[in-house]
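Below is one structure, written out as structure tokens, with a few remarks after it.
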Amino acid sequence: MSLKKSLIKNTGFNLASYVYLLLASFFSISILLRNLGSDMFGVYLFLGSIVPLASVFDFGISNAVVRRLSLPNLKDSERIQTWKTSFSLFLIIGIVLSLLISAILIYLSNSLPLLENVNPLTLNLTILILTITVFINHINSHLLSLPQAEQRFDVFNSKTLLVGSANTILSAIFSGYYPDISLIFLLQLVFHILTLIFMARYSSRIFSGKNFLPKFYKNEGKILVGFGLKNFVGTLASQIEAQFSKYALGVMVSAQAITAFSIPQSIVAKGAGVVSQVAQAFFPLGTSLLEKQRVRKLRASVIAIQLLTFIGGILAIFLSFSVGKEFLMWWLKDAVVVEAAYPVLKILSIYFVLTALTPIPSVLLQSLNKPQIPSFFAVFTVVTEIILILILTPKYQVVGVAYGVLLASVITVPPFLFVTWRIFTKEMMAIERE
Numbered sequence: 004m005s006l007k008k009s010l011i012k013n014t015g016f017n018l019a020s021y022v023y024l025l026l027a028s029f030f031s032i033s034i035l036l037r038n039l040g041s042d043m044f045g046v047y048l049f050l051g052s053i054v055p056l057a058s059v060f061d062f063g064i065s066n067a068v069v070r071r072l073s074l075p076n077l078k079d080s081e082r083i084q085t086w087k088t089s090f091s092l093f094l095i096i097g098i099v100l101s102l103l104i105s106a107i108l109i110y111l112s113n114s115l116p117l118l119e120n121v122n123p124l125t126l127n128l129t130i131l132i133l134t135i136t137v138f139i140n141h142i143n144s145h146l147l148s149l150p151q152a153e154q155r156f157d158v159f160n161s162k163t164l165l166v167g168s169a170n171t172i173l174s175a176i177f178s179g180y181y182p183d184i185s186l187i188f189l190l191q192l193v194f195h196i197l198t199l200i201f202m203a204r205y206s207s208r209i210f211s212g213k214n215f216l217p218k219f220y221k222n223e224g225k226i227l228v229g230f231g232l233k234n235f236v237g238t239l240a241s242q243i244e245a246q247f248s249k250y251a252l253g254v255m256v257s258a259q260a261i262t263a264f265s266i267p268q269s270i271v272a273k274g275a276g277v278v279s280q281v282a283q284a285f286f287p288l289g290t291s292l293l294e295k296q297r298v299r300k301l302r303a304s305v306i307a308i309q310l311l312t313f314i315g316g317i318l319a320i321f322l323s324f325s326v327g328k329e330f331l332m333w334w335l336k337d338a339v340v341v342e343a344a345y346p347v348l349k350i351l352s353i354y355f356v357l358t359a360l361t362p363i364p365s366v367l368l369q370s371l372n373k374p375q376i377p378s379f380f381a382v383f384t385v386v387t388e389i390i391l392i393l394i395l396t397p398k399y400q401v402v403g404v405a406y407g408v409l410l411a412s413v414i415t416v417p418p419f420l421f422v423t424w425r426i427f428t429k430e431m432m433a434i435e436r437e
């Protein structure tokens, strides 16, 4: 299959599930806000960020596995060792991480003012559920690396359909009958377990019998951890960037401020997620195209995707400034929340143009075995952003966080794009000379 057809097919599966999740999220946010109230919805968003933040702590191993299994001419014995080593690493990390998350949440439940008004039984049950969810989600990360490496994005997106449905529309409907955050998180855990069962059955057909079970191979572990740690730093920084605003607002402002910022942030994240779906499909495909006959096609594809992304970003700014407030009022039907959220939406729409240009260069550098470059710039971005948020939030509250996010991207994204292009051009010339 040609490059264009492969990319379109893989991206099509990703976007189909993503659009579904986007629509489900669109309807669920307003319903959850109404059923839980703005304060409890802020607490729900705060605690709900724990699972995606914890998922980052795979130390880059999932991306390392995807790249390793995508390499041409990889021997069957090496594939099996990669799979079994990955499984053993995810089991160990998952156990340690879930216990650590439990300890952190217990500490926060006794010290964070944001959680003082939550029923103790509800809070304790929520901590237990989130602890289990973190572990199950980690094992799912290992299982999902196989269909991604094989470019079976129809299978890969099963998690989006199962867990995504539970986190959005099913949680929203459920909250109408049981507006208790612990029960909502329990519903979500059930669908994480269903994903685990489905993916285990799929993986066991490819790695059957003993080949499916975890076992650590020292040499394979060095390869996975070596690549993974270089990539992990950037992934962790990006997740901290996404979640730090909630923690800053929860500590420095209020739960309602988290709601006012998180809603426009989720709109921008959904838009950026469209580009991420393309990048997710592009990663294993790009790795397989690093050869003399096809590298020029890879270059043309990168330019075309980046140009389309930029045009889409300009359109997003226009829509945010022209009809953004009316859209929020129609969607949320809460004048107080809309008045606080609309200025944030305008600022973050500009931020969207910049951040949407980074996923493709990031996976391109990962394909070139240079994950340390996007990691460096991700750390640079998050450190800059944290400093700006801490400076601006006490005075400007929610809008201060938005300005901090925007200014950090203005400082770091342009040099990242420039460095990426220089490196890719140099590597492309080296490949063509071979």
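When you line the sequence shown up against my numbering, it's residues 4 to 437, in that order.
Glycine residues also receive a C-beta, built at the ideal position from the N, C-alpha and C atoms.
Computed from a predicted structure; not experimentally measured.
- Classified as buried, Lys87 has 16 or more neighbouring CB atoms from the shown chains inside 10 Å of its CB.
- Comparing alpha-carbon positions, the option among Phe194, His141, Ile184, Tyr181 lying closest to Thr163 turns out to be Phe194.
- Between the region 402-421 and the region 340-352 there are three or more C-beta pairs closer than 8 Å, enough to call the two in contact.
- When the alpha-carbon of Arg302 is set against those of Leu25, Ala27, Ser370, the nearest one is in Ser370.
- Annotated three-state conformation of Asn120 is coil, per DSSP.
- Within the model, the alpha-carbon separation for Thr171 versus Phe188 is close to 11 Å.
- The DSSP-derived three-state label of Pro417 is helix.
- Residue range 41-51 is occupied by the alpha helix (DSSP H) that includes Gly45.
- By the neighbour-count criterion, in which 16 or more other beta carbons inside 10 Å mark a residue as buried, Glu223 falls on the buried side.
- By the Cβ criterion, the region 122-129 is not in contact with the region 81-100, since fewer than three pairs of Cβ atoms, one from each stretch, lie closer than 8 Å.
- Put simply, of Tyr205, Asp183, Phe60, Leu190 the residue whose alpha carbon is nearest the alpha carbon of Val158 is Tyr205.
- If the five residues before and after Pro267 are omitted, its C-beta is found closer than 7 Å to the C-beta atoms of Ala344, Val347, Leu348, Leu351, all from its own chain and listed in chain order.
- Val22 counts as exposed, since fewer than 16 other C-beta atoms from the protein chains shown sit within 10 angstroms of its C-beta.
- Between the beta-carbon of Ile320 and that of Val356 there is about 7 Å, and that keeps the pair under the 8 Å contact cut.
- It is roughly 33 Å from the alpha-carbon of Leu131 to the alpha-carbon of Ala152.
- Rounded to the nearest whole angstrom, the C-alpha separation of Ile83 and Ser378 is 29 Å.
- When the alpha-carbon of Ser91 is set against those of Phe235, Ile243, Leu216, Tyr354, the nearest one is in Leu216.
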